[in-house]
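One line per chain: the protein sequences are A and B, in this order.
For the first sequence, the working numbering gives the first residue as 12, with consecutive numbering after it.
For the second sequence, the working numbering gives the first residue as -3, with consecutive numbering after it.
Have a look at the structure below, then the notes.
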Amino acid sequence: MLIVGGGGAGLRAGIAAAEAKPDLNIAVVSKVYPMRSHTVAAEGGAAAVIKPGDSTEAHAYDTVSGADWLCDQDAVEVFVEEAPREMVQLEHWGCPWSREPDGTVAVRPFGGMKAQRTWFAADKTGFHMLHALFQTSLKYDAVKRFDEWFVTRLLVNDGRCLGVVAIELATGQIHSITAKAVILCTGGCGKIFPFTTNANIKNGDGMALAYRAGAPLKDMEFVQYHPTGLPATGILITEAARAEGGWLVNKDGYRYLQDYDLGTPEPTPVLRSMELGPRDRLSQAFIKEQGKGRTLEGPYGHYVNLDIRQIDEKVIDKKLPFVRELCLKYANLDPVHELIPVRPVVHYMMGGVHTDINGATPLAGLYAAGEVACVNLNGANRLGSNSLTECLVFGARAGRAAAEFAEQSGLVDPSVEAQVRDEQRRLHDDFLTSTHGTERIAALRAEMQTTMEEGAGIYRTGTTLDAAVETMGRLRQRARHLKLDDRSRTFNTELVSALELGYMLDLAEVILRSAAQRTESRGAHQRTDYPDRDDERFLAHTLVHRTTDGSARIEYLPVTITKWPPGDRVYGR
Amino acid sequence: MAETITLTVSRYRPEQESEPTFQSYDVPYDEDWVILDALNYVKDQLDGSLTFRWSCRMGVCGSCGMMVNGTPKLTCAIPLSDYVSSGPIRIEPLQFFPVVRDLVVDMNGFLGKLSSVKPWIIRDDETPPTEGEYLQTPAELDVYKQFSMCINCMLCYSACPVVGLEPEFTGPAAIALAQRYNLDSRDQGAAERMAVLNEHEGMWGCTFVGECTEVCPKNVDPAAAIQLYKMASATDWFKSVLLPRGSK
């Protein structure tokens, strides 16, 4: 079997498969060395119930209400139940979790959570989780890595996924790798937007590969803006800064969240209140505050301030050292003594490839886990610290399910090899030898990003969305005429960028069309022309299929409710 | 303040040339930029064929190490302004590695070295996760914590004079990561790792001048890790001579 992506979900899937079926050959194909994967940038923590007084039921309720009831509650129940075991497993594999004096794992508060259940390794949680997983994966001989191989297409025959076509970057050779099962673990697509915490590699590769291969995408209109990014770069300042006692203040030094039904200010953090409200509500409050003229304006647009000066310097150095390091290096300020300018920044895709609770997509043999997938755990708004745990729980589940599927299935039909010749021809003719191109990748990418921000930002309307769909159509036409400076085989990063742009343009259209058709406001999807939640029509998942002519066909799938009927989201009271 | 700044960048395209050459690019000067931003300006606006690795642009993924004016640097973590007054900025691939193309080096050798030191928890008794976490006090965590901060950026290999002479040397980052596990209170694999490290002479060539520690962007101290190893290994040897009846 084969895994595309070597981040948290991909490595967890690989280890799970190797342990479940030791005789399987497991390939991990990644466009970067696994320790470069974007899991590395996650900061604040990973949620799992571990302490007395907390319960999986409470974790589930926080997740469901945080998601504005759009998550599938069977997925949430599986998640909260398996989360603690997965987290302890990672502890056993060496993850250097921060500890209490008695040696037990320490937890911290996090946004939208009614109990302290977020495990952390200072504020480099993703970094430590990724390296622990990667280093542990090295002991499994069954896991064979294809580092710096870029997947350009899924092999599909007769309704079943049978492997991938990929470019080996070092040589430029285009190979097919056949497999009895494929798991996509490629993460999100923040780079569709101009201002994002996401790394350069987050281009939605797996989402687009699945979509093109016939698997539907789900709930793509739900884009999470994290409330606190550094204005010049979009570098994330973790929610943990607020969990440890940071305040968000407007230009008058006023804790403005109190004006947006998020509670009353207290000197120390209160769970599910004020700065520990959910991300969608905090980012929306920023836009409203900006509308009132109470934000500040700098060279990179409007911003507010994050004030962590009231936190003891020793606590900052112990629990938030990366926040201090990032501020010193990238904002030229010391947050122990100075305010941190922040603004909302695109952070996470709640949507993704449609899967069941075992990571299976409707396309036989194709699985997905982590941010690339939509199980759906996160609904209309993900809670901070649920996504790292999601990589573990659903990475492991997908790994086991795909291994089982691979064991049960017969040999791969060698006729799919013909598809690799098509793909070689496409890459060669359209990119490497094409002489009619005029368009620069960077210019088109920038136009796509601006269009998305204007059309599908924190607040949307039918008018802006329709205009963006039209612009995106033109950009897709122009993207057929790219001009590459680089025609060589060896490590051609410009060719990779061109293919990534193609992925992003496909997904941009899906996001816009999904958002245009959802005429309600829920969680991170806020329509100023339809400001209310509409459970009658939209307590349902958007499912987008790619039709044979390349256009998007949208249908809706009911949400699974087990224990928690739709209710009001209440924070701070 | 300067309006433009010149980057003199090492180019190597194995399909076209047998030796690296230098190419100069003038880029606008922006005081908020890091070196990597200037390279991306070249890539996006001037020459799409210039080839380098990068990803997070926040100093944690470890992709973008290069030689900047002759010193190994993480290019997303150093400001352009540090170099603005000193003439053209010379950018080359990390030294002591085979060059794949332009600024991209082959680091598969490191991956092999990393695997060889068994960088995972080794225990005689594994307890199932259902029985809860292994206890580890904050003080026990502090013993190995700094060695766990390595981002595998390869700057230390590029700074290490021993690596330059003896490419097979396990090297600073891999030894630091071996120590990271040796010093972890949950681990019992130190003896296994010692056996691996003693196979290579390289460690004894380390003169403890500490270039590796000097260039580390994450304040890991690989030089100290190597010294710890030398001491442990020497102690083992003395014990085996003085106490020949297998005491360890």
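Glycine is no exception: its CB is placed at the ideal position from the N, C-alpha and C atoms.
With 16 other Cβ atoms within 10 Å as the buried cut-off, status of residue i
i                      : result
residue 278 of chain A : exposed
residue 142 of chain B : buried
residue 310 of chain A : exposed
residue 130 of chain A : buried
residue 161 of chain B : exposed
residue 155 of chain A : exposed
residue 504 of chain A : buried
residue 215 of chain B : exposed
residue 237 of chain A : buried
residue 530 of chain A : exposed
residue 361 of chain A : buried
residue 127 of chain B : exposed
Contact belief for residue i with residue j at Cβ below 8 Å, rounded distance in angstroms
i                      : j                      : result
residue 258 of chain A : residue 318 of chain A : 5 Å
residue 10 of chain B  : residue 97 of chain B  : 6 Å
residue 221 of chain B : residue 172 of chain B : 4 Å
residue 91 of chain A  : residue 84 of chain A  : Incorrect: roughly 10 Å between the Cβ atoms, too far for contact.
residue 195 of chain A : residue 15 of chain A  : 5 Å
residue 152 of chain B : residue 168 of chain B : 4 Å
residue 192 of chain A : residue 27 of chain A  : Between residue 27 of chain A and residue 192 of chain A the Cβ distance is about 13 Å, and since that is not below 8 Å, they are no contact.
residue 59 of chain A  : residue 128 of chain A : 6 Å
residue 52 of chain B  : residue 210 of chain A : 4 Å
residue 527 of chain A : residue 477 of chain A : 6 Å
residue 512 of chain A : residue 455 of chain A : 6 Å
residue 242 of chain A : residue 294 of chain A : Wrong, their Cβ atoms sit about 14 Å apart, outside the cutoff.
Reduced DSSP category for residue i - H, G, I as helix; E, B as strand; rest coil
i                      : result
residue 229 of chain A : strand
residue 312 of chain A : strand
residue 8 of chain B   : coil
residue 157 of chain B : helix
residue 63 of chain B  : strand
residue 244 of chain B : Model confidence at residue 244 of chain B stands at a pLDDT of 38, short of 50, so the residue's coordinates are unreliable and nothing is read from them.
residue 378 of chain A : strand
residue 87 of chain B  : strand
residue 202 of chain B : coil
residue 151 of chain A : coil
residue 468 of chain A : coil
residue 227 of chain B : helix
residue 3 of chain B   : strand
residue 158 of chain A : strand
residue 26 of chain A  : helix
residue 235 of chain A : strand
residue 110 of chain A : strand
residue 18 of chain A  : coil
residue 69 of chain B  : strand
Within chain B, the residues that residue i reaches when beta carbons sit closer than 8 Å
i                      : result
residue 115 of chain A : 129, 131
residue 211 of chain A : 50, 51, 52, 53
residue 452 of chain A : 40, 44
Listed by chain order, chain A residues near residue i by CB distance under 7 Å
i                      : result
residue 55 of chain B  : 340
residue 200 of chain B : Simply none; closest approach about 26 Å.
residue 125 of chain B : 96, 99, 100, 103
residue 47 of chain B  : 502, 504
residue 115 of chain B : 146, 149
residue 134 of chain B : 110, 112
Interface residues of chain A facing residue i [CB-CB closer than 8 Å]
i                      : result
residue 11 of chain B  : 499, 500, 501
residue 101 of chain B : Result: empty, since nearest Cβ-Cβ is about 11 Å, beyond 8 Å.
residue 73 of chain B  : 340
Cross-chain neighbours of residue i in chain A, by beta carbon under 9 Å
i                      : result
residue 189 of chain B : Those within 9 Å of residue 189 of chain B in chain A number zero; the least Cβ separation is about 12 Å.
residue 96 of chain B  : 180, 181, 501, 502
residue 7 of chain B   : Neighbours of residue 7 of chain B on chain A: none; closest Cβ ~12 Å, over 9 Å.
Proximal chain B residues relative to residue i, where beta-carbon distance stays under 9 Å
i                      : result
residue 43 of chain A  : 49, 51, 57, 59
residue 490 of chain A : What residue 490 of chain A touches in chain B: nothing, since even the nearest Cβ is about 15 Å away.
Ignoring anything shorter than 4 residues or poking outside the segment 91 to 138 of chain B, list the alpha helix (DSSP H) runs there in chain order.
104 to 112
Enumerate, from N- to C-terminal direction, the unbroken beta strand (DSSP E) stretches of 3 or more residues contained entirely within the segment 34 to 108 of chain A.
37 to 41
Considering only residues of the segment 165 to 232 of chain A, which uninterrupted alpha helix (DSSP H) runs meet the minimum length of 4 residues and lie entirely inside it, listed in chain order?
216 to 224
At 4 residues or longer, what runs of the alpha helix (DSSP H) sit wholly inside the segment 19 to 49 of chain B?
31 to 37
Considering only residues of the segment 500 to 574 of chain A, which uninterrupted alpha helix (DSSP H) runs meet the minimum length of 4 residues and lie entirely inside it, listed in chain order?
504 to 528, 546 to 549
Unbroken stretches of the beta strand (DSSP E), 3 residues or longer, contained in the segment 249 to 292 of chain A:
258 to 260
Please list the segments of the alpha helix (DSSP H) lying wholly inside the segment 389 to 466 of chain A, counting only runs of 4 or more residues, in order along the chain.
397 to 419, 428 to 438, 452 to 466
Considering only residues of the segment 312 to 367 of chain A, which uninterrupted alpha helix (DSSP H) runs meet the minimum length of 4 residues and lie entirely inside it, listed in chain order?
324 to 330, 332 to 341
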